[in-house]
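Some notes on the structure that comes next.
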Amino acid sequence: MRRPLRRFSSTSALENRVERRIARFVRSFVPAYAARIGARTGYRAPRVGFASARDPLFDKIIKRQPGHLRPQDLLDGAVSVVCYFIPFAPEVVKSNYDGDRCSIEWVYAYTETNALIEELNRALETELSAFGVRCRGIAPTHDFDRAALTSRWSHRHAAYVAGLGTFGVHNLLITELGCCGRLGSMIVDRQLAPTKRPSFEYCLFYRNESCLRCVERCGFEALGLQDGAVSGEKRFFFDRHRCYEVCLENAAAYRDMGIADICGKCSVKVPCATVNPVYEE
Ligand code: SF4
Ligand code: SF4
Numbered sequence: 594m595r596r597p598l599r600r601f602s603s604t605s606a607l608e609n610r611v612e613r614r615i616a617r618f619v620r621s622f623v624p625a626y627a628a629r630i631g632a633r634t635g636y637r638a639p640r641v642g643f644a645s646a647r648d649p650l651f652d653k654i655i656k657r658q659p660g661h662l663r664p665q666d667l668l669d670g671a672v673s674v675v676c677y678f679i680p681f682a683p684e685v686v687k688s689n690y691d692g693d694r695c696s697i698e699w700v701y702a703y704t705e706t707n708a709l710i711e712e713l714n715r716a717l718e719t720e721l722s723a724f725g726v727r728c729r730g731i732a733p734t735h736d737f738d739r740a741a742l743t744s745r746w747s748h749r750h751a752a753y754v755a756g757l758g759t760f761g762v763h764n765l766l767i768t769e770l771g772c773c774g775r776l777g778s779m780i781v782d783r784q785l786a787p788t789k790r791p792s793f794e795y796c797l798f799y800r801n802e803s804c805l806r807c808v809e810r811c812g813f814e815a816l817g818l819q820d821g822a823v824s825g826e827k828r829f830f831f832d833r834h835r836c837y838e839v840c841l842e843n844a845a846a847y848r849d850m851g852i853a854d855i856c857g858k859c860s861v862k863v864p865c866a867t868v869n870p871v872y873e874e
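Take 594 as the starting number for the sequence shown in our numbering and just add one per residue.
Structure representation (structure tokens):
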């Protein structure tokens, strides 16, 4: 039974309480949901971060990716953005080590976690409405321009703004718990203290050029070193169209399991799969 709401003497006390409540809610929802539906996917404890909806980085994202939405485009009166990372259990990650085709466990992790995120956002909206907070949960995926292959809302970039990690050469966000997992976001009309962003790079290449494992792992010519690049001036290419072709091949192979346009080979068997590799150096 929901406890009756208390009145708060100061705005900051309420903010603080709402943040803690959101983080607790997300952390407890994930294992409870997985148990309730009998999920095949194992998870580790999620991480939650907060950003101001007016953070100038959102404007930078739009400059680089025209068509990307602002938080205010998604919720009238948007004040903050809540982002969360739901990390996969190690056995899910290991399942995708070998072969060109992604593993069936990886497909389950993708489809089950997308459904989880939809339900988590709905449940969080209900929970926060008890505090008078209006929210807009954002679909986990499949809201993108099919020609340009750019999305109207990048959970990865929002999670970066919300302090959950830094980008790797593979274009994924490396969090304190690695990059293998799913990201979700929600816009709210309540002031929440922004999470401090990391002050250093989590990707080992960007830190000290000691790794390019993800590039080696992509055997599909979607991620690589540019021709002519030499040590000391390494440049990468990410061919999103080639990457998506590979993802569509997987989707065709697993067509009976919903839309599974994924691959993930560059995110497993790499130092940043399940940890922040800088701490493991
Ligand atoms: S595999 Fe290495 S180079 Fe690639 S993103 Fe991870 S840490 Fe960076
Ligand atoms: S997801 Fe697959 S195809 Fe795309 S860059 Fe990674 S390994 Fe290459």
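Beta carbons: idealized from backbone N, C-alpha and C, even for Gly.
Between the options, which has its C-alpha nearest residue i's C-alpha?
i      : options                           : result
Pro787 : Phe643, Arg613 and Gly635         : Phe643
Val623 : Ile615, Val611, Tyr636 and Glu612 : Tyr636
Val641 : Glu814, Glu612 and Tyr701         : Glu612
Ser673 : Pro649, Gly851, Gln784 and Ala845 : Gln784
Glu718 : Cys856, Arg617 and Cys728         : Cys728
Tyr588 : Arg848, Gly817 and Ala638         : It is not possible to answer for residue 588, since the shown part of the chain is limited to 594 through 874.
Gly774 : Ala671, Ile852 and Glu705         : Glu705
Ala844 : Val754, Gln658, Tyr703 and Asp691 : Tyr703
Tyr799 : Val762, Gly817 and Ser778         : Val762
Cys811 : Asn801, Phe829, Ser792 and Gly758 : Phe829
Using the three-state DSSP reduction, which class does residue i fall into: helix, strand or coil?
i      : result
Ser602 : Because Ser602 sits at a pLDDT of 40, beneath the cut-off of 50, its placement in the model cannot be relied upon, and the following sentence gives the value as read from the coordinates. Note: Ser602 maps to coil in three-state DSSP.
Ser722 : helix
Cys856 : coil
Val868 : coil
Glu811 : Before going further, note that residue 811 is Cys rather than Glu in the sequence given. It is coil, neither helix nor strand.
Ala755 : coil
Arg640 : strand
Leu770 : coil
Thr788 : coil
Give a single yes or no on whether residue i has its beta carbon closer than 7 Å to a heavy atom of ligand 2.
i      : result
Ala815 : yes
Val762 : no
Lys789 : no
Val839 : yes
Arg810 : yes
Lys862 : no
Lys858 : yes
Cys836 : yes
State yes or no: is the C-beta of residue i nearer than 7 Å to some heavy atom of ligand 1?
i      : result
Arg749 : no
Phe831 : no
Phe681 : no
Arg806 : yes
Cys773 : no
Phe622 : no
Using 8 Å as the limit for Cβ to Cβ distance, is residue i near chain C?
i      : result
Cys836 : Chain labels in this structure do not include chain C; a single protein chain is all it has.
Which one or two residues does DSSP pair with residue i in a beta bridge?
i      : result
Thr634 : For Thr634, which the question treats as bridged, DSSP gives no partner whatsoever.
Ile876 : This structure gives no information on residue 876, because the portion of the chain shown stretches from 594 to 874.
Ile583 : What the structure shows of the chain is the stretch from 594 to 874, and residue 583 is not part of that stretch, so it cannot be assessed.
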